[in-house]
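This report refers to the structure that appears directly beneath it.
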């Protein structure tokens, strides 16, 4: 510690400014903000307390900055909305005025007070309590250091389907080294098995090959075939991905360093064995939409049949098999296949049984109209069973528009099987510390604002591993994921939030209970010292370790025992004395 | 929806939803067509459970007392005699006369709960007697309640008589408690289902006899040695299969019979076609008596080349037997309970 810091420490006394926000009428209508400000001014260490219409506005911010300079404030309390709303704003404000950004404490008198209480004395009293607790904590706040960590200028893409190839290409084009890890012996994923795409009826092979050739020949892309991720360590900017690669009969384990990771592991088709009433694998006439794609690619074309029935929503929107969600592509896959069937076999009767037709994409509704114009018969109803009838099968359903049962004899029944999460996604989620939503697909950090991010900094999602998508959406999401993954790579360094745990080694027994509750792999046992050590880059500051530690050796910066107990003491020791002056002031 | 009835569960529920409290049940005789086979409930992708709605709507008729005379008779007989068959309570145990079976009062690991049809119906009694032989051979320690046994009330519940069901269930539980019953073996899938799923889940555990036999066969405690060299097809009873997922144990018992050739009908397991004996339909014809599913079923069995149609439910046994007679197919197909087949192989 340098001399002037030591001196500052010795002479430190809190000089606190308190700023009570009206939030228009959001707070001021329920809380007597002027009284709260007058009360705050009487609290220990408080040099100034003001109220203002909008503290987050430019004049509000200027008020705070001005006081810091003029009055030599060193700790700031803002009593306003939730810190989730404006903590970054006010941290930036005090940093601009020369304070450490962590010398700020917020009292939430909106969500936790004015919005949830009818106004009057109780609401104002509660606001006073919250402010008093925040002032007590502010007096004990420490300056924290925001650290920068260098970033490895490379990315790993897990999965070599359309999403993985596109994301890898964008990253490589931007100048970064990319490793694509593919489980199978070829790139292209499910798209490589398709005949033509909806709604333009382009050969799918053209799309796949366009990407595949660019990926294969790109100087900055390395493709590892027949490879699987075994584990992940490190953190954003400095990941180590353990990969097992099949080399003939041998297996090779390697480690790849990367700054960011894109997960593009795709989906799996629903297994129609789970719907025994449909007779898949019992009747040879019953096939899946993927089987039909293969028939479409035969040189001999489709078999010459008289009646084809398509069945929608097989394994989608079906709670009995645990897949309540819509797979989003099957309506258009069947429309495409039914249309191609009508074109190739003009004499054949082609029927589609559906629950609802979801033709939501660009050109989809027009394509669906086209299918009906081509003579495809759409019948609303979910077939209840398929039975044998001579050398045909009969599809039995209720036509729910007619309200009567129908039976259609078919030479071929095509089950539009839905999408499911990959079998291995639970294991991968464990390795990468990713969350999964109720449907089993990987979960994005926010459904609207962060649709390609995960809760792991530096790990992004692309394609159907996040949920069912068509090729258009897959490519869009892959490019979005690549753009997001590029941000840390291009900045070449990442900022690490200083609100992390810290360990008092002299109290730590190295029992490891903290590590067992840590969701981010941030705690490890030091091999020599026998105490736990924290990787502050991995730590997200959640505090689970601090509660798990039996000896109280772990604290979280900005939420230390000392700081938190000071807040609790204020609330616990609260005397109702201030009520009478409050009454008086209200007249 | 079924082909043979006007009953359309989807329209029924949609009308209920849109009509609010003004829903009129008058003239909806097709509500009595439902056999409670559970196919609608097990297949509905939105888990709407139409069967339960239908049973609840039947309750409306029952409350108003507007029910078929056959149902009134069955309800009254269940209430007074402990069986829906208008048979006297004090002859319930007569089927076991001379068999020297242990009364439950003497204490036993299992209660063999016989059920109404196997207690009184001559065809059903044969099944009970065959099953007793098998259980003795397998070393199952069981007792019976004799005249103290009373209807499980599964059928009155399905007919919408919830109040009578509650009363019967309470009485039965009191009897089970009095005799210290902890494990129950039933002849009928209907009794098994209601004990397992409708009775309060405390005190005792119910199994269908095919589950017990399959377990004993697997453990080697029961051995079937005498050949039964016939081609057999198995009809899954709704209350064993679709309702409770017991598909494999009956087949395992049949598979243990030496020489028996088991063939499957197209509609087997989850696709099994109902015999129309459930849901109180043993006493009600339904709105379309011209088409009987049991007759379709018998034809399906004949088409497999089987000479024996096996089942494991007293209601299926009776309805299928009647269908064989109706089709004059006695020389081509015989209906047998699995217990009867296995007992012949002892």
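Protein chains in written order, with this note's numbering: chain A, 934 to 1520; chain B, 10 to 355.
Glycine included, C-beta positions come from ideal geometry on N, C-alpha and C.
- Query: Anyone know if the C-beta pair for residue 1084 of chain A and residue 1421 of chain A falls short of 8 Å?
  - Reply: yes
- Task: Could I get the ranges of all uninterrupted beta strand (DSSP E) runs contained in the stretch 1200–1263 of chain A, with 3 residues as the minimum, in chain order?
- Result: List check, beta strand (DSSP E) in window: 1200–1202, 1219–1221, 1240–1247.
- Helix, strand or coil: which one does DSSP assign to residue 269 of chain B? coil
- Query: Near residue 230 of chain B, which residues of its chain fall below 8 Å by C-beta distance, leaving aside the five closest residues on each side in sequence?
  - Reply: Result list for residue 230 of chain B: 147, 148, in chain order.
- Query: Using 8 Å as the threshold, is the stretch 1180–1199 of chain A in touch with the stretch 1414–1432 of chain A, meaning 3 or more CB pairs across them?
  - Reply: yes
- When the cut-off is 8 Å and only beta carbons count, does residue 1512 of chain A lie next to chain B? Residue confidence for residue 1512 of chain A is low, a pLDDT of 47 falling below 50, so the modelled location carries little weight; the figure read from the coordinates is stated next. No, no contact with chain B.
- Should the stretch 1092–1109 of chain A be called in touch with the stretch 1445–1463 of chain A, which here means at least 3 C-beta pairs below 8 Å? no
- Query: Going straight from the alpha carbon of residue 263 of chain B to that of residue 1220 of chain A, what length do you get?
  - Reply: 32 Å
- Starting from the Cα of residue 1160 of chain A, find the closest Cα among A:1261, A:985, A:1181, A:1095 and give me that residue. The shortest Cα separation from residue 1160 of chain A among A:1261, A:985, A:1181, A:1095 belongs to A:1181.
- Item | Simplified DSSP assignment, three categories, for residue 50 of chain B | DSSP places residue 50 of chain B in helix when its eight states are reduced to three.
- For residue 341 of chain B, is the classification buried or exposed, using 16 other Cβ atoms within 10 angstroms of its Cβ as the cut-off for buried? Under this definition residue 341 of chain B is an exposed residue.
- Message: Buried or exposed for residue 1525 of chain A, going by 16 or more other Cβ atoms inside 10 Å?
- Response: What is shown of chain A runs 934 to 1520, which leaves residue 1525 of chain A out entirely.
- Name the residue from B:33, B:166, B:113, B:122 whose alpha carbon lies nearest to the alpha carbon of residue 65 of chain B. B:166
- Note down the Cα distance separating residue 94 of chain B from residue 78 of chain B, rounded to an integer number of angstroms. 13 Å
- Between the beta-carbon of residue 22 of chain B and the beta-carbon of residue 57 of chain B, is there less than 8 Å? The Cβ atoms of residue 22 of chain B and residue 57 of chain B sit closer than 8 Å to each other.
- Query: Got a sec: which bits of the stretch 1247–1273 of chain A sit with their beta carbon under 7 Å from any beta carbon on chain B, in order along the chain?
  - Reply: 1250, 1251, 1252, 1253
- Any idea what DSSP makes of residue 1284 of chain A, helix, strand or coil? strand
- Task: Using a cut-off of 7 Å between C-beta atoms, extract the partners of residue 271 of chain B located in chain A.
- Result: Per Cβ cutoff of 7 Å: no residues; residue 271 of chain B is ~17 Å from chain A at best.
- Query: Listing by chain order, which chain A residues have their CB less than 7 Å from the CB of residue 279 of chain B?
  - Reply: 1209, 1210
- Message: So with CB distances below 7 Å, who are the chain B contacts of residue 1368 of chain A?
- Response: Under the 7 Å cutoff, chain B gives no residues; its nearest Cβ is about 26 Å from residue 1368 of chain A.
- Message: What does the alpha-carbon distance come out to for the pair residue 274 of chain B and residue 184 of chain B?
- Response: 41 Å
- Query: Where does residue 199 of chain B sit, in a helix, a strand or coil, going by DSSP?
  - Reply: It is helical.
- Query: At a Cβ threshold of 8 Å, is residue 54 of chain B touching chain A?
  - Reply: yes
- Message: Could you check whether the Cβ of residue 97 of chain B sits closer than 7 Å to any heavy atom belonging to the ligand GTP?
- Response: The ligand GTP is not among the ligands present in this structure, which contains no ligands whatsoever.
- Task: Buried or exposed for residue 33 of chain B, please, with buried defined as at least 16 other CB atoms from any protein chain shown within 10 angstroms of its CB.
- Result: exposed
- Query: If you compare alpha carbons, which of A:1188, A:1222, A:1062, A:1187 is closest to residue 1204 of chain A?
  - Reply: A:1222
- In chain order, which continuous runs of the beta strand (DSSP E) of length 3 or greater are located wholly inside the stretch 1411–1444 of chain A? 1426–1429, 1434–1436
- Item | Proximal chain B residues relative to residue 1313 of chain A, where beta-carbon distance stays under 9 Å | The premise fails here: residue 1313 of chain A is roughly 11 Å from chain B at the closest Cβ pair, so nothing lies under 9 Å.
- Within the 8 Å Cβ cut-off, does residue 20 of chain B reach chain A? With its beta carbon less than 8 Å from one in chain A, residue 20 of chain B belongs to the interface.
- Query: With a cut-off of 8 Å, does the C-beta of residue 1320 of chain A fall near any C-beta of chain B?
  - Reply: yes
- Query: Near residue 91 of chain B, what residues of its chain come up, given a Cβ to Cβ distance below 6 Å and the 5 sequence neighbours on each side ignored?
  - Reply: 98, 159, 160
- Among B:104, B:234, B:61, B:244, which has the Cα closest to the Cα of residue 351 of chain B? B:234
- Query: According to DSSP, is residue 1398 of chain A helix, strand or coil?
  - Reply: helix
- Taking 8 Å as the threshold, find out whether the stretch 1222–1240 of chain A comes into contact with the stretch 1274–1291 of chain A through three or more Cβ pairs. Contact between the stretch 1222–1240 of chain A and the stretch 1274–1291 of chain A is present, because at least three Cβ pairs lie under 8 Å.
- How is residue 14 of chain B classed by DSSP in three states: helix, strand or coil? coil
- Find the residues of chain A that neighbour residue 17 of chain B, judging by a C-beta separation of less than 8 Å, and give them in chain order. 1331, 1336
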